[in-house]
Amino acid sequence: MIQFEHLTKTYNGINAVEDLSAEIRDGEIYGLLGPNGAGKSTTILMLTGLIEPTAGRCLVAGMDVTKNPVAVKERIGYMPEDVGFYANLSAEENLDYFARLYRMDRDVQKKKISDLLSLVGLDGVTKEVGGYSKGMRQRLGLAKALLNDPSVIVLDEPTANLDPQGVADYRRIITGIAGSGTTVFVSSHILAEVSRVCTRVGILARGRLIVQGSVQELAGRIGSCGEHRTVIRIESRSPMPVFQHPAITGTEYSNDRCSATVTATEDLRDVIADYLAVNGILIRQLSKDECSLEDTFLSFYQEAS
Amino acid sequence: MMAEKTSGLFTVAHKEFFDHITSRKFILIFSIFLVIAIIGMIGGIAQYQKDLKTYTDQRSATSSSIVTGYMSDRPSVMTVFATIATYLSFLGAILGIAMGFDLVTKEKESKSLKILLSHPIYRDEVINGKALGGIAALFLALAIILSLSLATLLIYGIVPDGGELVLIAVFGAVSFLFIFTYFSIALFMSTVSSDSGSALIFTMIIFIVISSLLPTMTNDTVMETIAGTPPQMPLELLDQMKINVDNSSKNTLVSFSDAGSSPAWNDYNTKMQAYWEKRTAIQGVFALFSPTMNYDSITQKITSAVTTKQLSYRSSGSATTAVTISSSSSLSSFDTSDHKDTDIAGILGGIIPNLVALLVFPACFFALSYAKFMRMDVR
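For the record, the sequence lines run as chains A and B.
For the first sequence, my numbering begins at 1 and goes up steadily by one.
For the second sequence, my numbering begins at 1 and goes up steadily by one.
As structure tokens, this is what we get:
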């Protein structure tokens, strides 16, 4: 549904985005991760036709965004990070104005706006948007992004200002929409949020896409805890013997030798379990440290740096 | 495709129009202007009625005897609009600036421009829609002012004739063009500036330069530096000169008996005419760069052309040449031609260069705004 082909954007001789190539399939929730200044928002602005790439192109449903901006905008729903509305209009009036740009039937438009405001929890709020909190604006931004029943939704930091209820509502809405075949492209630096919602993530650093895949794939590719090593924690009911194996790079024991932390270049849990069984040691716990998305992200980012 | 494009344009224009007419700054400036215009109208009407009475008295006096001399022409209703023109040349500019200076920057600041342009709408529809909405609001404002002015005239029992109605329409159109000029300058500044404060400051600088600095450049001292001093009247002519002061019209009338046959007079006349043509040409060049000067020039011609006109009566077959120094003009003018009734076509013909200059200004600034907006990165 979305394709980036060697996408590059240069500002004053510096590449904000450099040779970005990726493909996002129908119904996928794709998360673009990266620190501030990595090029996430620039990528999104090129995807939504608000800025033109210096080189390369973005395709939405096979259409070049630069060549067919209006046709592409008919199919996408976009919510920017700093979502802005007309402060002197109410939520309904703002949505009504934007809906007219989609040339929707008036009756359909009215019902759609009512349904969307109800969906994001802003039904019955009649005050002008100028008096909204950031979270309310973000909710309205989500409603606006869904106004035209888009086949692609582009969200820039969608949960940045939401309260816990807002985040829960956002997750429910996004997963529901993706389930009906809509492609969702999310940019965020809130890693936990991305890991919970996205089916695939790409990590952007200094304008370059350094890696992409599912959260599990990325964690598997890097090992555990962001380094090329596995950490295994063992607890036993009686003192353990000394572990010896070529893959082991270090072992730390407690004073009573009933707990140990083994660092190895590969997962040795089965080997350790067998060794302890042979020596008649009963195991209380045997676990490998799981790598969080944050660890994975930092690891890839440090590698790219 | 075309219908779709028009739809976006009118959607934006519709919103902009209502934003303008409901905005506090528009309502405030328009209200002040309306009050001043009505008060000015009433004052103008009182003066008009006084001039009309003088004219009627003079006419009844001259109809009973054969005289040699001058008589004021019938005063025109257009004189009433002179006051409105005076206020419009300042308040109109302020209204135009107030309407345009934050048209784009406000959307940049509130981030709504990013949202707007992410919809299926062409950029030219947005900038054209903003201009169209502004034009519609200005048109409404001027239509209200002119309608109230006409209504005030009718309340006082003054019914403009066909020619005067044409001139009122021209006055309205020129005033609209003048306010739109400042609107387009402000729109341009709003497009190129990052925030409304900067846009307002830059617009005000341009306003001061073209409305105050350029007219200052055309004062007598500067003009005499550029065009030289005017030719002096030969002493022999001064001795022959008779000076009459027409108290009723406050115009100073200087006349010469059989002056047309004097070679010294003819020589002086030719030199003076050449001098004033040179000055007028230099002033014209300055005026081209000042919408305020163009507007003042046009409205002066429309509203005062008839009142400064003098009627010359032939007596005993001898030609009478008049030199009229108009008291209503801020700049001295020198007119040595035999006066004839100035018709509407003549007035309209006389304002064409100023009108063209007044058209060029908004066209240029709007074109620049358009070009900038179309290429602008929205971040």
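Even glycine gets a Cβ: it sits at the ideal position worked out from N, Cα and C.
On a predicted model such as this, the values are computed, not experimentally measured, just so you know.
Local conformation of residue i per DSSP, three classes
i, result
"residue 135(B)", "helix"
"residue 38(A)", "coil"
"residue 189(A)", "coil"
"residue 307(A)", "One cannot answer for residue 307(A) here, as it falls past the ends of chain A, which runs 1 to 305."
"residue 93(A)", "helix"
"residue 262(A)", "strand"
"residue 111(B)", "coil"
"residue 162(A)", "coil"
"residue 158(B)", "coil"
"residue 85(A)", "coil"
"residue 3(A)", "strand"
"residue 367(B)", "helix"
"residue 248(A)", "strand"
"residue 28(B)", "helix"
"residue 121(B)", "coil"
"residue 362(B)", "helix"
"residue 224(A)", "Because the pLDDT at residue 224(A) is just 47, under 50, the model does not fix this residue reliably, and the point stays unresolved."
"residue 329(B)", "Here the model assigns residue 329(B) a pLDDT of 36, short of 50, so the residue's position is not dependable and the matter cannot be decided."
"residue 169(A)", "helix"
"residue 14(B)", "helix"
"residue 104(B)", "coil"
"residue 379(B)", "coil"
"residue 72(A)", "helix"
"residue 281(A)", "coil"
"residue 337(B)", "Annotation note: pLDDT 40 at residue 337(B) (below 50); position unreliable, no value reported."
"residue 8(B)", "helix"
"residue 242(A)", "coil"
Opposing strand residues paired with residue i [DSSP bridges]
i, result
"residue 63(A)", "60(A)"
"residue 203(A)", "33(A) and 211(A)"
"residue 287(A)", "233(A)"
"residue 151(B)", "Bridge partners of residue 151(B): none, in fact."
"residue 78(A)", "154(A)"
"residue 10(A)", "15(A)"
"residue 184(A)", "29(A) and 153(A)"
"residue 23(A)", "3(A)"
"residue 55(A)", "8(A)"
Residue nearest to residue i in terms of C-alpha spacing, selected from the options
i, options, result
"residue 159(B)", "75(B), 269(B), 115(B) and 183(B)", "75(B)"
"residue 203(A)", "272(A), 140(A), 9(A) and 33(A)", "33(A)"
"residue 29(B)", "304(B), 288(B) and 93(B)", "93(B)"
"residue 190(A)", "155(A), 213(A), 94(A) and 175(A)", "155(A)"
"residue 208(A)", "85(A), 241(A), 40(A) and 128(A)", "40(A)"
"residue 100(B)", "293(B), 86(B) and 182(B)", "182(B)"
"residue 59(A)", "173(A), 24(A) and 28(A)", "24(A)"
"residue 141(B)", "20(B), 48(B) and 217(B)", "20(B)"
"residue 8(B)", "279(B), 128(B), 38(B) and 235(B)", "128(B)"
"residue 289(A)", "268(A), 245(A), 231(A) and 240(A)", "231(A)"
"residue 5(A)", "54(A), 11(A) and 37(A)", "54(A)"
"residue 131(A)", "88(A), 160(A), 115(A) and 164(A)", "88(A)"
"residue 205(B)", "302(B), 97(B) and 304(B)", "97(B)"
"residue 232(B)", "215(B), 212(B) and 271(B)", "271(B)"
"residue 198(B)", "82(B), 102(B) and 365(B)", "102(B)"
"residue 144(B)", "203(B), 27(B) and 364(B)", "27(B)"
"residue 236(A)", "124(A), 175(A) and 273(A)", "273(A)"
Neighbouring residues, chain D, relative to residue i (Cβ below 7 Å)
i, result
"residue 122(B)", "Note that chain D does not occur in the displayed structure, where the protein chains are A and B."
Closer than 7 Å: residue i CB and nearest the ligand COA heavy atom
i, result
"residue 76(A)", "With respect to small molecules bound, the structure shown includes none, and the ligand COA cannot be examined in it."
### Query
Are at least three pairs of beta-carbons, each pair with one atom in the region 150 to 157 of chain A and one in the region 71 to 86 of chain A, less than 8 Å apart?
yes
### Message
Runs of 4 residues minimum, wholly inside the region 95 to 148 of chain A: which ones carry the alpha helix (DSSP H) assignment?
### Response
106 to 119 and 134 to 145
### Query
Would you say the region 183 to 193 of chain B touches the region 353 to 369 of chain B, given that touching needs at least three Cβ pairs under 8 Å?
yes
### Segments of 4+ residues assigned as alpha helix (DSSP H) that fall wholly inside the region 179 to 237 of chain B
196 to 208, 214 to 217 and 220 to 227
### Query
Do the region 191 to 210 of chain A and the region 21 to 38 of chain A touch if we need at least three Cβ pairs shorter than 8 Å?
yes
### Message
Under 8 Å, with one C-beta from each stretch per pair, do the region 47 to 63 of chain B and the region 76 to 83 of chain B reach the 3-pair mark?
### Response
yes
### Task
Count the CB pairs spanning the region 214 to 230 of chain B and the region 116 to 124 of chain B that are closer than 8 Å, and state whether there are at least three.
no
### Query
Do three or more CB pairs link the region 92 to 112 of chain A to the region 135 to 149 of chain B at distances below 8 Å?
no
### Query
So, do the region 180 to 197 of chain A and the region 117 to 129 of chain A have three or more beta carbon pairs nearer to each other than 8 Å?
no
### Message
Could you check whether the region 349 to 363 of chain B touches the region 286 to 299 of chain B, counting it as contact only if at least three pairs of C-beta atoms, one from each stretch, sit closer than 8 Å?
### Response
yes
### Message
Quick check: the region 242 to 250 of chain A against the region 267 to 285 of chain A, are at least 3 beta-carbon pairs closer than 8 Å?
### Response
yes
### Task
Would you check if the region 159 to 174 of chain A and the region 132 to 145 of chain A touch, i.e. whether three or more CB-CB distances between them fall below 8 Å?
yes
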